[in-house]
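Residue numbers for the sequence shown follow the numbering used here, so the first one is 2 and each next one is one higher.
We put the CB at the ideal spot given by N, CA and C, even for glycine.
Nothing here was measured: the structure is a model prediction, and the numbers come from that model.
Here the structure is laid out as structure tokens; the discussion comes afterwards.
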Amino acid sequence: MLSLEPTDDLAKPAFKDAASCAKWLSQLQLTNLNLAQGTLRAQLDEFNRYPVRGKERLQTLETLRETVSTVQADFAKKLAGKKLPLADEEFKSLITLTSLWQSMLNGYLRCLQSVAHGDSSLSSETALLTQRCLLYSSQLIAEFLHVGCEPDGRSWQRLHAIYAHAEEEGLQTQPVKDKYNRSGLALSCRTVYSKILLLHRARLLGLRRGQWHIVGQWLDHWGESFTIEPRCSMSRGDAPPLAVDLAGTRGFIAIQRATADPTMRFMAMVPLSKQIRVKTILLQQGQSPQQLELGEEQSSKECIDLLNRLHGCWCEQRHESLADEPRDALPAQMCMELESIYAHIARKPFKMPNTAGIADKEAQRQIETFGRVLDETDRINLALLGFLAEDWLIEEDGLLHARLLRKSTSGSRLGLNQIVCVHKPNDASFRVGVSTLVSVTRSGQLYIGVRYLPGIPQAAIVRGSPSGNLLSGAAAALALPEISNLRIPPSILMPRDWFQSGRILELALHEKEKLSVTLGISVEKGNDFERVSYSLKS
């Protein structure tokens with residue numbers, strides 16, 4: 002199935018059986034997370050090299066599971082909310098994280114290898130061993146999904162090969178108990194395999210870390226309705242099946258991209274579609290999430306929203322994303338951060354007031370560098386001043402939402418809830434929005450979802466006097482207009498730590514109009530901005 006290095010009599014792990022492993026774990030210091038994680042991996046790798054009877058190896062691995070899961074959960078928090086693409090040190094942490102899952106996988110693969118070599122002590126454990134192999138292979142893929150990165154092809158090949166083995170041995174539907182499974186359910190190989198395929202399919206929904214776990218538990222409960230078969234049928238109006246190639250390097254693909262290869266498998270989506278729609282209707286009729294085995298973490302409204310999004314992703318006909326299926330698309334330019342957005346809309350960079358001396362020095366620097374003073378009202382020269390707009394491709398561009406793919410594999414890093422500005426070549430106006438999804442494709446391109454903010458933004462400058470711990474002086478900002486028919490008041494997009502209800506600021510618009518305004522409420526707060534309402538000071 003999957004090749005492993007041979008065992009070595011010279012291997013010297015800190016434990017050699019379940020009893021010595023339990024004793025060693027009781028003495029393992031978990032206060033230093035990096036040291037604990039590295040020690041676990043090093044000793045597990047050494048144990049995987051050590052020749053031992055299959056039953057003893059299995060019992061030792063089962064003894065390790067709880068501690069490994071606890072350490073991994075804490076270690077994964079280091080990567081939560083990181084901008085993408087990951088910095089080198091962050092990516093190194095991701096590889097370190099997944100390497101321990103790989104070590105657990107190798108241990109269970111070693112047990113399966115013992116079965117293949119005739120170890121009778123494990124003859125009754127093949128379903129458990131195969132399920133554990135799928136579980137840890139899935140965990141490895143899931144860590145990539147949680148940080149917003151597409152898993153590599155080798156990870157998929159490993160997962161598919163293990164499931165193919167389960168099929169060959171007729172083990173795919175046999176339930177396996179797992180006392181560490183949050184749902185408390187016995188899960189079959191097919192459920193574990195289908196679960197990670199469906200979670201990967203949902204990766205572009207912009208799920209938060211907590212939602213990943215919620216959806217995972219839902220799938221545990223729905224697992225009995227999953228089927229993975231070599232053939233499928235379709236009826237008009239029904240949810241189309243999803244396809245996966247057991248010899249491939251990807252997860253689920255749309256049925257239209259399936260081939261006639263004997264390694265192709267299909268998951269009928271009609272049962273899952275019915276289950277999701279029934280639960281949605283019952284929630285709308287007043288049943289609680291707990292009554293429908295949807296957990297206690299979310300309200301009925303939140304569950305309905307998440308169920309609808311999952312149904313659209315899994316069970317409805319749709320075009321494949323640019324992240325999965327490259328194709329021609331309309332171009333756009335995008336910039337990030339308030340000062341850069343200000344510069345592109347105003348066609349000149351933001352300058353602090355009362356900086357004539359600094360401006361003279363900057364002009365002298367430009368003459369020395371470029372032989373002239375740059376014309377800052379010329380958008381072409383903004384790039385020379387450091388305000389770069391990146392080239393993107395538009396997958397979807399609606400009134401409220403957009404999805405885009407960056408053409409290049411290099412560029413600015415971006416996180417969730419950051420301000421962005423999108424400009425299409427033939428449009429005179431700009432649109433500002435907030436990033437709701439950030440993902441990195443296998444080719445290294447950034448793929449994002451954007452929630453547009455209402456109205457056409459104007460470049461603005463806010464000025465404020467010192468007030469407590471709030472920022473003061475002057476800062477680049479954006480003014481959004483009032484939309485009276487939608488009862489949306491005028492608002493300002495400003496840097497964080499400027500807002501206080503009732504604070505009086507001067508708002509200077511690009512047309513040189515200066516207004517004295519009183520700040521109202523904080524409409525929303527992002528990672529690098531705050532949107533606040535205001536009224537003209539009477």
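Three-state secondary structure assigned by DSSP to residue i
i    : result
V53  : coil
P272 : helix
F267 : strand
H222 : helix
K541 : Because residue 541 is not part of the residues shown, which for the chain are 2 to 539, the question remains open.
D46  : helix
S436 : strand
G416 : coil
T64  : helix
A475 : strand
S124 : coil
D246 : strand
C134 : helix
A344 : helix
For residue i, the nearest candidate out of the options (CA to CA)
i    : options                   : result
L198 : L400, G252 and P152       : G252
K408 : L417, L394 and L415       : L394
C112 : L95, E90, R159 and R58    : R58
T40  : A15, A23, P426 and Q60    : A15
Q175 : T131, K526 and H161       : T131
L186 : P490, Q218 and Q212       : Q218
I346 : P458, T410 and L308       : P458
T250 : C134, L339, L29 and R155  : R155
Q158 : L3, A77 and T442          : L3
C316 : F351, I277, S341 and E338 : I277
N486 : G456, S466, A480 and S468 : G456
L206 : S189, S517 and C314       : C314
L311 : G434, V53 and W213        : W213
S115 : P7, Q286 and S473         : P7
Q285 : K302, L295, E294 and K275 : K302
M235 : G296, L247, G450 and Q257 : Q257
C233 : L472, R266 and E91        : R266
E297 : A330, V216 and R204       : V216
C-beta atoms of residue i and residue j nearer than 7 Å
i    : j    : result
P152 : I142 : yes
I550 : T281 : With the chain running from 2 to 539 in the structure shown, residue 550 is simply not present.
R404 : E391 : no
L510 : A461 : yes
V423 : A344 : no
V518 : L508 : yes
A244 : V271 : no
G211 : S122 : no
M337 : S413 : yes
S189 : L160 : no
S94  : K79  : yes
I493 : A475 : no
Endpoints, the alpha helix (DSSP H) within which residue i is located
i    : result
G108 : D89 to A117
G313 : S301 to C316
R237 : No alpha helix (DSSP H) holds R237; DSSP gives it neither H nor E.
I461 : Strictly speaking, residue 461 in this sequence is Ala, with Ile absent from that position. Here A461 belongs to no alpha helix (DSSP H); instead the beta strand (DSSP E) covers Q459 to G465.
A23  : A19 to Q28
A324 : Run containing A324: none; DSSP gives neither H nor E here.
First through last residue of the beta strand (DSSP E) which encompasses residue i
i    : result
A1   : The structure shown does not extend to residue 1, since the chain spans only 2 to 539, so no value can be given for it.
G450 : L447 to Y453
V407 : A quick correction: the sequence has Arg, not Val, at residue 407. Unbroken beta strand (DSSP E) run through R407: H402 to R407.
Y181 : Run containing Y181: none; DSSP gives neither H nor E here.
Residue environment, residue i, which counts as buried when at least 16 other CB atoms sit within 10 Å
i    : result
L11  : exposed
L400 : exposed
P263 : exposed
M105 : buried
P231 : exposed
T356 : Residue placement at T356 is poorly supported in this model, since its pLDDT is 49, which falls under 50; the coordinates are not used for a value here.
S534 : buried
T71  : exposed
D75  : exposed
E326 : exposed
D379 : With a pLDDT of 47 at D379, under the threshold of 50, the predicted position of this residue should be treated as unreliable, though the coordinate-derived value follows. Burial call: exposed.
R328 : exposed
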